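S.K.: Take the sequence shown: its position 105, counted from the start at 1, is 105 in full-length UniProt numbering, and no numbers get skipped.
First the structure, which I've put down as structure tokens, then a few questions once you've had a look.
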Amino acid sequence: MTTASSAFPAADAPLAGRVAVVTGASKGIGAAIARRLARDGAAVVVNYASSEAAAVAVVQEIEAAGGRAVAVRADIADPAGAGGLFDAASEAFGGVDILVNNAGIMALAPIVATDDALFERQVATNIGGVFRGMREAARRLRDGGRIISFSSSVVGLYQPTYGLYAATKAAVEAMTHVLAKELGPREISVSAVAPGPVATDLFLSGKSDEQVAAIAKLNPFGRLGTPEDIANVVAFLAGPDGGWVSGQVIRANGGVI
């Protein structure tokens, strides 16, 4: 774990005084979310599973801008992962107000070619990790908090090779709808973001320029999303303007469906 900066955000920042845990925050969308929430005033727990150097770099960037952050290693597929993240947040910042369940894995294969090991790995991370994060948040999040999980726009596209991945994200949406009703009396909003194709290393890896261009043309804007596009949606849900939005799945995909 890194040490937290002594600098504090402006008192009028929309998330001043709030604490956010962002899973899978060392790279890509998760890193953009961590930077954006810190810019809005939140103290941020930057979770990583293996990319320590990248997570520390995100923390250093946040601290250099006057924010507060710590990097915390935890594998969300591990049953102890969620509890460890909340423990670290409480130790560093005194509690948690916002959980962003961003971490996940995407391993594609036709259903006929999906072996049990691949099934178990995706279910453990994409469903088990999110479930345990939600459960820990339900127990320990301060009243008036936010839980924001990640689905995917592929849930509604039914593309070949995406069967298992889409199924895990559909489970996230179902849990989101139920938990929103369970936590409403505590004024905790629970929603999900379902991105379309986003220009991250994970998405671009193994694709030709022609494939990327073809995918970009699937939405009316004619471009891939950026990590910042998605972070902006998360910031809205996490901030005061998103307080009346709960039990929703926001398909941030440029209009692809």
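For every residue, glycine included, the Cβ atom is placed at its ideal position computed from N, Cα and C.
All figures in this text were calculated on a predicted structure; none of them were measured in a lab.
Looking only at DSSP bridge pairs, what is Y48 linked to?
M.R.: In the DSSP output, where bridge partners are listed per residue, Y48 has R73.
S.K.: For the segment 214 to 234 and the segment 243 to 254, state whether three or more C-beta atom pairs, one from each stretch, are separated by less than 8 Å.
M.R.: Yes: at least three Cβ pairs fall under 8 Å.
S.K.: Let me confirm a value: L202 is counted as buried when at least 16 other C-beta atoms fall within 10 Å, else exposed. Which label applies?
M.R.: The residue is exposed, with fewer than 16 neighbouring Cβ atoms inside 10 Å.
S.K.: Using 10 angstroms around the beta-carbon of E136, count the other beta-carbons present and answer buried if the total reaches 16, otherwise exposed.
M.R.: Buried.
S.K.: Tell me the rounded alpha-carbon separation between A4 and A82.
M.R.: Annotation note: pLDDT 43 at A4 (below 50); position unreliable, coordinate value reported separately. One C-alpha to the other measures close to 20 Å.
S.K.: If you run the structure through DSSP and keep just helix, strand and coil, what is V212?
M.R.: V212: helix per DSSP, three-state reduction.
S.K.: The alpha helix (DSSP H) that contains F131, what's its start and end?
M.R.: Here the alpha helix (DSSP H) through F131 covers V130 to R140.
S.K.: Mind checking which residues open and close the alpha helix (DSSP H) that includes A92?
M.R.: G81 to F93 is the extent of the alpha helix (DSSP H) around A92.
S.K.: What does DSSP give as the partner residue(s) for N102 in the beta ladder?
M.R.: Answer is none; N102 lacks a bridge partner.
S.K.: Would you kindly report the start and end of the unbroken alpha helix (DSSP H) that includes A20?
M.R.: Not the alpha helix (DSSP H): A20 falls in the beta strand (DSSP E), residues V19 to V22.
S.K.: Distance check for V100 and A238, CA to CA, integer angstroms please.
M.R.: Spanning the two alpha carbons is a distance of roughly 9 Å.
S.K.: Which of the three DSSP states, helix, strand or coil, is assigned to residue 264?
M.R.: There is no way to answer for residue 264, as the model of the chain reaches only from 1 to 257.
S.K.: Report back the beta-carbon spacing between N126 and T23 to the nearest angstrom; my notes put them in contact at under 8 Å.
M.R.: Incorrect: roughly 11 Å between the Cβ atoms, too far for contact.
S.K.: Give a yes or no on contact between the segment 146 to 155 and the segment 174 to 192, applying the rule of three or more CB pairs nearer than 8 Å.
M.R.: Yes: at least three Cβ pairs fall under 8 Å.
S.K.: Please check the pair T226 and V198, which I expect to be a contact at CB under 8 Å, by giving their CB distance rounded to whole angstroms.
M.R.: Confirmed, Cβ separation roughly 7 Å.
S.K.: Is the beta carbon of A231 less than 8 Å from the beta carbon of R36?
M.R.: Their beta carbons are under 8 Å apart, which means A231 touches R36 by this criterion.
S.K.: Which same chain residues, not among the five before or five after S6, have their C-beta less than 6 Å away from its C-beta?
M.R.: Its pLDDT being 40, under 50, S6 is placed unreliably in this model, and the value from its coordinates should be taken loosely. Cβ neighbours of S6 beyond the five flanking positions: none.
S.K.: So is P240 buried or exposed if we call it buried at 16+ other beta carbons inside 10 Å?
M.R.: Counting Cβ neighbours within 10 Å, P240 comes out exposed, since fewer than 16 surround it.
S.K.: Can at least three beta-carbon pairs, one atom from the segment 104 to 116 and one from the segment 31 to 45, be found at a separation below 8 Å?
M.R.: Contact fails: fewer than three Cβ-Cβ distances are below 8 Å.
S.K.: Which whole runs of the beta strand (DSSP E) in the segment 174 to 228 are 3 residues long or more, in chain order?
M.R.: Runs found: 189 to 193.
S.K.: With respect to the alpha helix (DSSP H) encompassing R39, which residues constitute its N-terminal and C-terminal limits?
M.R.: G28 to R39 is the extent of the alpha helix (DSSP H) around R39.
S.K.: Could you compute how far the alpha carbon of A213 sits from the alpha carbon of A64?
M.R.: Spanning the two alpha carbons is a distance of roughly 36 Å.
S.K.: Once the 5 residues before and after A49 are set aside, which same chain residues still bring their CB inside 6 Å of it?
M.R.: Result list for A49: D75, in chain order.
S.K.: Give the DSSP-derived three-state secondary structure of A42 in the structure shown.
M.R.: In this structure, A42 counts as coil in the three-state DSSP scheme.
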